[in-house]
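Undergrad:
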Amino acid sequence: MDGPAPRGFRTGRRARLSAPAKRGVAAAAAPVGNAPQAGIEGWTAGPRITILRGMKIPSLAALALAAVPAFAPAAGADRPNPAIAAVVSEIQPARIEATIRRLAAFGTRNSLSDTVSDTRGIGAARRWIKSRLEDCARDSGGRLQVAFDEHHVESGSRVPRPTDFVNVVATLPGEQAESRDRIYVISGHYDSMPTDPTDGTSDAPGANDDASGTAVSMELACAMSRHRFDATLVFLTVAGEEQGLYGSTGFAKAARAKGLDIEGMITNDIVGNTRSAEGAVDQGRLRLFAQGVPAVKELPDDVLAMLRTGGENDLPTRQLARAIAAAARTYVPGLRIQTVWRRDRYLRGGDHFPFQQEGYPAVRFTEPVENWNHQHQNVRVENGIQYGDLPGFVDFGYVAQVARVNAAALASLALAPAAPREAKIEALKLESDTTLSWAANREPDLAGYRVVWRDTTAPDWQHARDVGNVTRVTLPVSKDDVVFGIQAYDRDGNVSPAVYPLPLLPRRPPVVK
Ligand SMILES: [Zn+2]
36 MDGPAPRGFR
46 TGRRARLSAP
56 AKRGVAAAAA
66 PVGNAPQAGI
76 EGWTAGPRIT
86 ILRGMKIPSL
96 AALALAAVPA
106 FAPAAGADRP
116 NPAIAAVVSE
126 IQPARIEATI
136 RRLAAFGTRN
146 SLSDTVSDTR
156 GIGAARRWIK
166 SRLEDCARDS
176 GGRLQVAFDE
186 HHVESGSRVP
196 RPTDFVNVVA
206 TLPGEQAESR
216 DRIYVISGHY
226 DSMPTDPTDG
236 TSDAPGANDD
246 ASGTAVSMEL
256 ACAMSRHRFD
266 ATLVFLTVAG
276 EEQGLYGSTG
286 FAKAARAKGL
296 DIEGMITNDI
306 VGNTRSAEGA
316 VDQGRLRLFA
326 QGVPAVKELP
336 DDVLAMLRTG
346 GENDLPTRQL
356 ARAIAAAART
366 YVPGLRIQTV
376 WRRDRYLRGG
386 DHFPFQQEGY
396 PAVRFTEPVE
406 NWNHQHQNVR
416 VENGIQYGDL
426 PGFVDFGYVA
436 QVARVNAAAL
446 ASLALAPAAP
456 REAKIEALKL
466 ESDTTLSWAA
476 NREPDLAGYR
486 VVWRDTTAPD
496 WQHARDVGNV
506 TRVTLPVSKD
516 DVVFGIQAYD
526 RDGNVSPAVY
536 PLPLLPRRPP
546 VVK
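520 is the number that our numbering gives to position 485 of the sequence shown; each next residue is one higher, with no gaps.
1) Determine the burial state of Asn-418: buried for a count of at least 16 other Cβ atoms within 10 Å of its Cβ, exposed for fewer.
2) When the Cα atoms are used, what is the spatial distance from Glu-393 to Val-416?
3) Following a CB-centred definition, is Asp-231 positioned closer than 7 angstroms to any heavy atom of ligand 1?
4) Can you tell me which residues form a DSSP beta bridge with Trp-488?
5) With Leu-323 as the anchor, note down where its beta strand (DSSP E) starts and where it stops.
6) Reducing DSSP to helix, strand and coil, say where Arg-130 ends up.
7) Label Thr-134 either buried or exposed according to how many other C-beta atoms from any shown protein chain fall within 10 Å of its C-beta, with 16 as the threshold for buried.
8) Can you tell me whether Ile-632 sits near ligand 1, meaning its C-beta is under 7 angstroms from at least one heavy atom of the ligand?
9) How would you write the range of the beta strand (DSSP E) that Glu-461 sits in, first residue to last?
10) Could you tell me if Ala-102 is buried or exposed, where buried requires 16 or more neighbouring beta carbons within 10 angstroms of its beta carbon?
11) Roughly how far, in whole angstroms, is the beta-carbon of Gly-235 from the beta-carbon of Leu-138, given that I think they are within contact range, below 8 angstroms?
12) Take Arg-144 as the anchor and find which of Glu-132, Val-338, Arg-161 has the nearest alpha-carbon.
13) DSSP three-state label for His-186, please.
14) Would you kindly report the start and end of the unbroken beta strand (DSSP E) that includes Met-300?
15) Work out the CA separation of His-498 and Pro-541 for me, nearest whole Å.
16) Which residues share a DSSP beta bridge with Asn-202?
17) If you run the structure through DSSP and keep just helix, strand and coil, what is Val-512?
18) Kindly confirm or deny that the stretch 250-257 and the stretch 485-501 touch, where touching means at least three C-beta pairs closer than 8 angstroms.
19) How many angstroms separate the CA atom of Asp-174 from the CA atom of Asn-406?
20) Can you tell me whether DSSP reads Val-440 as helix, strand or coil?
21) Check the C-beta distance from Arg-320 over to Arg-371 and give it rounded, since I have them as a contact under 8 angstroms.
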């Protein structure tokens with residue numbers, strides 16, 4: 036979104052921080068599956084300890100662990116999965132470019148523009164998106180399901196008259212009964228705006244904002260629906276983003292009302308420019324915005340329990356971001372993910388906001404450098420400068436790389452088991468070991484669990500230990516000094532995102548009168 040965040044997103048509304056919040060952060064913290072983490076085998080022959088990438092010097096905690104008896108190693112939990120590499124290899128740069136050029140050719144896709152014409156306006160654009168996705172649905176053997184999703188709004192600051200905001204939703208149901216209700220959503224907004232967001236007639240090609248993200252969603256729908264995943268994938272293209280996130284808000288609210296278990300949402304918004312206004316080019320980096328503790332006046336009890344033990348960087352959205360970055364490192368090493376621990380850029384917002392508002396883990400991808408001459412500008416030349424969001428300013432090869440990152444992340448998440456539920460760290464007495472426990476996963480292909488940890492000041496996991504198919508383990512590492520996470524993995528080595536273990540505290544002694 037461009038422009039101020041919509042009402043309600045800045046105020047201290049009561050934290051519906053999370054479904055996680057309601058189910059217990061442990062459960063909720065199960066955001067997303069994680070690509071197998073590339074790492075270096077432990078330096079001892081005994082226990083299987085993996086020092087994760089970026090870790091240079093073994094910590095005392097890891098060295099202590101080397102003395103522990105070995106557990107069964109995960110079956111390939113550190114190997115890239117050929118099935119995920121195959122999905123990534125099917126991204127078609129030419130199809131992405133054609134999609135962006137076709138969307139820009141509708142002249143304007145402003146949410147207040149013509150809905151009747153077959154050649155110009157948002158109505159023609161959404162009918163074209165739907166028909167393209169239906170073509171891909173046929174290629175999927177009918178497994179991909181495509182539908183419009185309408186949300187009526189009477190009025191608003193950028194909605195001068197009653198308007199129907201119509202999303203296009205393509206759903207690929209999961210193939211595993213125990214995982215099908217777990218959903219991952221990828222979204223881009225297909226509406227656009229010229230200088231004035233309520234101007235439905237001027238040209239607003241919106242090639243970068245956000246035909247680029249729309250093309251990523253559509254490309255993934257077509258490429259991924261030729262494959263099978265355990266969990267359900269939703270490829271969303273939404274309207275009304277520039278009017279105040281209406282399409283995504285309608286979808287997210289309906290999902291919450293239906294009790295849908297969305298374990299991760301990614302919006303791709305403005306993912307096609309690699310040249311700054313000053314001419315600097317950066318094609319090697321992609322920004323991933325991941326919120327920490329939400330800025331609300333009241334936090335749910337389980338989030339407070341996390342904060343009391345230093346878990347402020349381990350809420351579900353941050354775990355989702357770690358899992359996405361791990362998948363990108365493994366499968367798209369040419370594009371560096373720059374995780375930004377912030378909800379969005381200054382003065383900006385996006386379609387991940389309503390999902391966060393409804394308690395779902397949600398993140399945003401955005402290009403490395405922005406050029407504001409080509410965002411939210413009437414198409415014109417002024418003082419020799421071309422303004423407007425035209426296809427000529429989009430780096431199509433870069434958008435294809437962004438699509439590959441999204442494909443790797445979604446495939447990793449949707450093939451992996453859910454993150455473990457009811458994760459606990461025992462704090463029943465003073466001790467130097469750490470005992471962790473969790474509820475058993477239900478997936479039939481589950482192979483075991485992995486404990487990961489890091490220094491409290493480190494951004495990502497530094498150590499990993501596969502502990503086999505158990506639901507309780509004691510490690511000779513002091514919980515006072517590190518942050519733990521627990522992951523689940525399956526027989527193919529697909530690893531879930533981590534979940535933060537909540538403290539299991541001693542019961543208060545009975546009051547004696
Ligand atoms: Zn946008």
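Glycine is no exception: its CB is placed at the ideal position from the N, C-alpha and C atoms.
TA: Quick answer:
1) Here residue 418 corresponds to residue number 383 of the sequence shown, with the count starting at 1. Exposed.
2) Within the sequence shown, the letter at position 358 stands for residue 393. Within the sequence shown, the letter at position 381 stands for residue 416. Distance from the CA of Glu-393 to the CA of Val-416, rounded to the nearest whole angstrom, comes to 42 angstroms.
3) For the purposes of this step, residue 231 is taken as residue 196 along the sequence shown, with counting starting at 1. No; taking the cut-off as 7 angstroms, the Cβ of Asp-231 has no heavy atom of ligand 1 nearer than that.
4) Within the sequence shown, numbered from 1, the residue matching residue 488 stands at position 453. Assignment of beta-bridge partners to Trp-488 by DSSP yields His-498, Phe-519.
5) As a first step, residue 323 must be located in the sequence shown, where it is residue number 288. In the DSSP assignment, Leu-323 falls within the unbroken beta strand (DSSP E) covering 320-324.
6) Start at 1 with the first residue of the sequence shown, and residue 130 comes out as number 95. Reduced to three states, the DSSP call for Arg-130 is helix.
7) Walking along the sequence shown from the start, residue 134 turns up at place 99. The residue in question, Thr-134, is buried, as its Cβ has 16 or more Cβ neighbours within 10 Å.
8) Since the first residue of the chain shown is 36 and the last is 548, residue 632 is not available in this structure.
9) If you number the sequence shown from 1, residue 461 lands on position 426. 459-461 is the extent of the beta strand (DSSP E) around Glu-461.
10) Position 67 of the sequence shown, counted from the start, is the residue given in the question as residue 102. Per-residue confidence for Ala-102 stands at a pLDDT of 42, beneath the threshold of 50, marking its modelled position as unreliable; no derived number is given.
11) Taking the sequence shown and counting its residues from 1, the one referred to as residue 235 is at position 200. Taking the sequence shown and counting its residues from 1, the one referred to as residue 138 is at position 103. Contact between Gly-235 and Leu-138 is absent: CB atoms are separated by about 16 angstroms, not below the 8 angstroms threshold.
12) As a first step, residue 144 is located in the sequence shown; it is residue number 109 there, counting from the start. When only C-alpha atoms are compared, the closest one is Arg-161.
13) Start at 1 with the first residue of the sequence shown, and residue 186 comes out as number 151. Correct three-state label for His-186: strand.
14) Working through the sequence shown from its first residue, we reach residue 300 at position 265. It spans 296-303 - the beta strand (DSSP E) in which Met-300 sits, taken as one unbroken run.
15) What you label residue 541 is simply residue 506 of the sequence shown in a count that begins at 1. What you label residue 498 is simply residue 463 of the sequence shown in a count that begins at 1. Taking C-alpha positions only, Pro-541 is separated from His-498 by approximately 28 angstroms.
16) Here residue 202 refers to the residue found at position 167 of the sequence shown. In DSSP, Asn-202 forms a bridge with Asp-184.
17) Locating residue 512 in the sequence shown gives position 477, where the first residue counts as 1. Collapsing the DSSP output to three states places Val-512 in coil.
18) Taking one beta carbon from each stretch, the stretch 250-257 and the stretch 485-501 have fewer than 3 pairs nearer than 8 angstroms; the two do not touch.
19) Sequence index remark: in the sequence shown, residue 174 carries index 139 (1-based). Sequence index remark: in the sequence shown, residue 406 carries index 371 (1-based). For Asp-174 and Asn-406, the gap between their C-alpha atoms comes out near 37 angstroms.
20) Against the sequence shown, residue 440 aligns to sequence position 405. Helix at Val-440.
21) Here residue 320 is taken as the residue at index 285 of the sequence shown, counted from 1. Here residue 371 is taken as the residue at index 336 of the sequence shown, counted from 1. Arg-320 to Arg-371, Cβ: 5 angstroms. Contact.
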